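Note that full-length UniProt numbering gives residue 52 to position 52 of the sequence shown, counting from 1, and the numbers run on in steps of one. Where is the CB? At the ideal position from N, CA and C, for every residue including glycine. No experiment lies behind these values; they were computed from the predicted model shown. Scroll down for the structure; my scribbles are underneath it.
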Amino acid sequence: MLCGNIPADLPAVNNFHAPSPYPPVKVEGKNLRYAQILHQDTASAQGEFTAVTLYIYQSWLFDAVSPGAGKIMRELAIVEMHHLDLLSQVINLLGGDPTFSAVRNNRCIVWNGSMVHYCKSFPQMIRYNIKAEQEAVATYRRHLALIKDVHIQALMERIIEDEEVHLSIFRQMLECI
């Protein structure tokens, strides 16, 4: 059961992503090191697949008490799924295998459902989402410094724009509590 006050009248959200177009999915050439870095952005505990799963889970919880919040979470999950798709295409072009796993400390970590934060308090969920989006932006910026492919950099910059939109949405939701 959800706890915390979930406002019935959340702010109207019409745009769940930044307005600029996504750059084409291209790479300068094969690079397994870059593919390994991008696996952190797709299939780690802080990656896009986790965000998709988390936001879908939260949408199910919210639907019963605030359909507006449930819709917002589903729409955000769709944007995160698009990021997952784009980055997985890039991993493939780099010569990597876009599996649901990432290397951390020289160990392969396979994605699993325990990576999702299963909180049931509305305020805590939104605070967690803000923190997760902030971490995503910081991680993308760190990876931008490591990846010198201009096509991948352009894509990552565009994804950062979306993550900043998500931060804004979550901050608005938090103000309604």
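Under a three-way DSSP split, which group does VAL79 fall into? Along the sequence shown, read from residue 1 onward, the residue named residue 79 stands at position 79. Of the three classes helix, strand and coil, the one that applies to VAL79 here is helix, per DSSP.
Report the three-state DSSP secondary structure of ALA102 (helix, strand or coil). Your numbering for residue 102 matches position 102 in the sequence shown. In this structure, ALA102 counts as strand in the three-state DSSP scheme.
Simplified DSSP assignment, three categories, for VAL65: The residue you call residue 65 lines up with position 65 of the sequence shown. The answer is coil: DSSP assigns VAL65 none of H, G, I, E or B.
SER121 by DSSP, collapsed to three states: which one? By one-based count along the sequence shown, residue 121 stands at place 121. It is a strand residue.
When you compare only the Cα positions, how much space is there between GLN46 and HIS82? The count along the sequence shown starts at 1 and reaches residue 46 at position 46. The count along the sequence shown starts at 1 and reaches residue 82 at position 82. Distance between the alpha carbons of GLN46 and HIS82 is about 16 Å.
In DSSP terms, what ILE159 is bridged to: For this step, residue 159 is matched to residue 159 along the sequence shown. Paired residues: none, contrary to the question.
Does DSSP classify VAL137 as helix, strand or coil? Position 137 of the sequence shown, counted from the first residue, corresponds to residue 137. Helix.
Rounded straight-line distance, which links the Cα of GLU133 to that of THR50: In the sequence shown, residue 50 corresponds to position 50, counting from 1. In the sequence shown, residue 133 corresponds to position 133, counting from 1. Pairing THR50 with GLU133, the inter-Cα distance amounts to about 12 Å.
In chain order, what residues of the same chain lie with their CB nearer than 7 Å to the CB of HIS17, ignoring the 5 residues before and after it? Reading the sequence shown from its first residue, position 17 is the one you call residue 17. So the qualifying residues of the chain are VAL79, ASP162, VAL165.
Near GLN89, which residues of its chain fall below 7 Å by C-beta distance, leaving aside the five closest residues on each side in sequence? Here residue 89 is taken as the residue at index 89 of the sequence shown, counted from 1. VAL25.
Using the beta-carbon count (16 or more within 10 Å), is LYS148 buried or exposed? By one-based count along the sequence shown, residue 148 stands at place 148. When all chains shown are included, LYS148 counts as exposed.
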